[in-house]
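Q:
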Amino acid sequence: MHHLDQVSAVHRFLEHLRNATTDLAPAVLRLPASVYTDAAHHRRERDRLWRERPVVAGLSADLPEPGSWFTADVGAVPLLVTRDADGRARAFVNGCRHRGGRIADGRGRAEGRVFRCPFHSWTYAIDGCLVAIPEAEDAFAALDRSAFGLHERSCAEHAGVILVRAVGDGPLDGADLLRGVAGDLTALGIPDYHHFETKTTEWKCNWKLALDTFLESYHVFSLHRESVHPWYFSQPMIYDGFGSNLRFPVFRRTVEKLAESPESTWELADHATLQWWVAPNALFSYTRDELFLWRFHSPRPDRCVAVTSLYTRSPATTEDATNRLEEAFALQLQVAGREDFPMQEKVQEVLGSRALPEIVFGRNEVAAIHFHRALEDLLAHDPEGDG
Ligand code: FES
Ligand SMILES: [Fe+2]
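All letters in the sequence shown, in the order written, are residues -4 to 382 by this note's numbering.
1. Within the structure, which residues are defined as neighbours of ligand 2 by a Cβ-heavy atom distance below 5 Å, reported in chain order?
2. So does Arg140 have its beta carbon nearer than 7 Å to some heavy atom of ligand 1?
3. Considering just the uninterrupted stretch of the alpha helix (DSSP H) at Val5, what are its terminal residues?
4. When burial is assigned at 16 or more other CB atoms within 10 Å of the CB, is Leu58 buried or exposed?
5. Which value, in whole angstroms, describes the spacing of the CA atoms of Leu151 and Pro49?
6. Under 8 Å, do Arg92 and Pro73 count as touching if we go by C-beta distance?
7. So Leu305 and Phe191 are in contact, right, with Cβ under 8 Å, and what is the actual spacing, rounded?
8. Please name the residue in Pro113, Ile157, Phe135 and Thr16 whose C-alpha comes closest to that of Arg83.
9. Ignoring anything shorter than 4 residues or poking outside the region 269 to 351, list the alpha helix (DSSP H) runs there in chain order.
10. Could you check the C-alpha separation between Leu183 and Gly53 for me, to the nearest Å?
11. For Asp265, which residues of its own chain have a beta-carbon under 7 Å away from its beta-carbon, when the five flanking residues on both sides are left out?
12. Report the three-state DSSP secondary structure of Lys252 (helix, strand or coil).
13. Once you ignore the five residues that flank Leu320 on each side, which residues in its own chain have a CB closer than 6 Å to its CB?
14. Determine the contact status of Glu40 and Gly163, defining contact as a CB-CB distance below 8 Å.
15. Confirm the yes/no value for this check: CB of Cys387, any heavy atom of ligand 1, distance under 7 Å.
16. Using a Cβ-Cβ cut-off of 6 Å (strictly less than) and excluding sequence neighbours within five positions of Gly382, which residues of its own chain qualify?
17. Tell me which same chain residues have a C-beta within less than 7 Å of the C-beta of Pro113, skipping the five on either side of it?
Now the structure itself:
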């Protein structure tokens, strides 16, 4: 985020604070409970939002050198994302062309820059080409080996973010997909960050309920009364929408003191957690040189898988640094995992009972309203016309 934008965000916030106001949406949003519970809606989201449209798979830091790889399930399509010998990020279906074995799971560096399928050891180069059929070359001699590489999928790397599309091979416009966010991430130095750790957790609620908790701080004074409210404001809230994406900082109480120091010294990330949502499912959360990237998906309407990664400006080279980052990661998971997501699991139960036909977002919950409106637009939009 550029310094001028940081200064203007602080001014907007302090102005609201003085006047006891907050950013407001033009109208409340009444949202049918079915968007969180309905199986047909869920399938439409999977197809439109996860398969036909590109999503954030990770950061450049997840592929630090040629041969680096990680796996990601996108819209229930297993993908293997690698950096090839030319340094280009590539995505492939994580399914062996022999009999469908999963080539890899997790993350790592391909030894000898090849992947070996664990089932019968068919071997692929990091650019997806099939390079060996051990023990049975003759049995497959009739196959044109050059046509049996891993199935490739569209992949782009922009502003330190890796985007993939689970189906189709149309071009990806990284700048458009990261509209309003790429400049902020670049200004903060994110393209040069390092991966520290990734953890996956599962919750009994829809993926949108998990994301809803990040997109308003109205609940901080209540749900997080004992945990983070002593340090963070609940309101005012300020937000900026950029097409589908948005930026939503949550301010620490220390921001009030900034008015006493010269603007040139203001660093927003010292006084707020900066958050960006990149449609449909990625949430970037940045505080003081640490970046958490959350990605959510739902294998079924009432379940959510949260993949959380921590990236840092410098690699952790000492035990002290490692311990400090472990603590930061634990704290991040603790607030969400002990307060936000358990609350949303109960909300899912209420909505799943069908006894509550709709919920309502107030005009103050403006970023959450933007989120749901953007999803509505993306679901209604024909991705083929998207470019
Ligand atoms: S399924 Fe991969 S080698 Fe047989
Ligand atoms: Fe929360």
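For glycine and all other residues, C-beta sits at the position ideal for the given N, C-alpha and C. Please read all numbers here as calculations on a predicted model, not as lab measurements.
A: Considering the structure as presented:
1. Going along the chain, the residues that qualify are Thr208 and Asp335.
2. Answer for Arg140: no, Cβ out of range of ligand 1.
3. Taken as a continuous stretch (DSSP letters only), the alpha helix (DSSP H) holding Val5 covers His(-2) to Asn14.
4. Buried is the call here.
5. Reading off the sequence, residue 151 comes out as Ala, not Leu. The straight-line gap from Cα to Cα measures roughly 9 Å.
6. No, these two residues do not count as a Cβ contact at 8 Å.
7. At roughly 4 Å, the Cβ-Cβ gap stays under 8 Å, so Leu305 and Phe191 are in contact.
8. Minimum Cα distance to Arg83 is reached at Ile157.
9. Note on the region 269 to 351: whole alpha helix (DSSP H) runs with a minimum of 4 residues are 314 to 330 and 336 to 347, in chain order.
10. Using only the alpha carbons, I get a separation of about 17 Å.
11. The residues are Arg283.
12. The answer is helix: DSSP assigns Lys252 an H, G or I state.
13. Phe191 and Ala311, listed in sequence order.
14. No, they are not a contact pair.
15. Any answer about residue 387 is impossible in this case: the structure gives the chain only from -4 up to 382.
16. Confidence at Gly382 is low in this model, with a pLDDT of 37, below 50, so its placement is unreliable and the value that follows should be read with caution. So no residue of the chain qualifies.
17. Excluding residues up to 5 positions away in sequence, Gly96 lie with their Cβ nearer than 7 Å to the Cβ of Pro113 in the same chain.
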